[in-house]
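Asks: In our numbering, the protein residues as written are 989 to 1064.
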Amino acid sequence: MVETARGLLMHEIVLDGERIADYFIVAPTEWNFHPQGPLAGWLMGRAANDREAVQRFAARAVAALDPCVRWELKWL
989 MVETARGLLM HEIVLDGERI ADYFIVAPTE WNFHPQGPLA GWLMGRAAND
1039 REAVQRFAAR AVAALDPCVR WELKWL
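1. Is it a yes or a no for the stretch 1040 to 1055 touching the stretch 1017 to 1027, going by three-plus beta-carbon pairs under 8 angstroms?
2. Looking at the secondary structure, which residues open and close the alpha helix (DSSP H) in which Arg1007 lies?
3. Can you tell me which of the three DSSP states Glu1040 falls into?
4. How far does the alpha helix (DSSP H) with Leu1027 in it extend, from its first residue to its last?
5. Go ahead and label Pro1023 buried or exposed: buried means 16 or more other beta carbons lie within 10 angstroms of its beta carbon, across all protein chains shown.
Right, dumping it as structure tokens:
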């Protein structure tokens, strides 16, 4: 485990003798964009009556977390 600029990065290797039997990685994006992660916490409960303001806030929040994936805001 290592703390990176974007958050916790974890690598796990399962060994079977001298061979790698399995490998897992959990990147900061998975923590930051999890339904119980910081982005959800920043967005949940915010007033959404001004679409442009919500879009600007969401864009700043996502940029602050520096995701490695494309994103878009969908209105339901």
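Here a beta-carbon is modelled for each residue, glycine too, at the ideal position from N, C-alpha and C.
Replies: On the basis of the data shown:
1. Yes, since at least three Cβ pairs between the stretch 1040 to 1055 and the stretch 1017 to 1027 fall closer than 8 angstroms, the two stretches touch.
2. Locating residue 1007 in the sequence shown gives position 19, counting from the first residue. Careful: Arg1007 lies outside any alpha helix (DSSP H), inside the beta strand (DSSP E) at 1007 to 1014.
3. As a working note, residue 1040 is residue 52 in the sequence shown. In this structure, Glu1040 counts as helix in the three-state DSSP scheme.
4. Position 39 of the sequence shown, counting from 1, holds the residue named residue 1027. Element bounds for Leu1027: 1026 to 1031.
5. Counting from one through the sequence shown, the residue named residue 1023 turns up at place 35. Around the CB of Pro1023, fewer than 16 other CB atoms lie within 10 Å, so the residue is classed as exposed.
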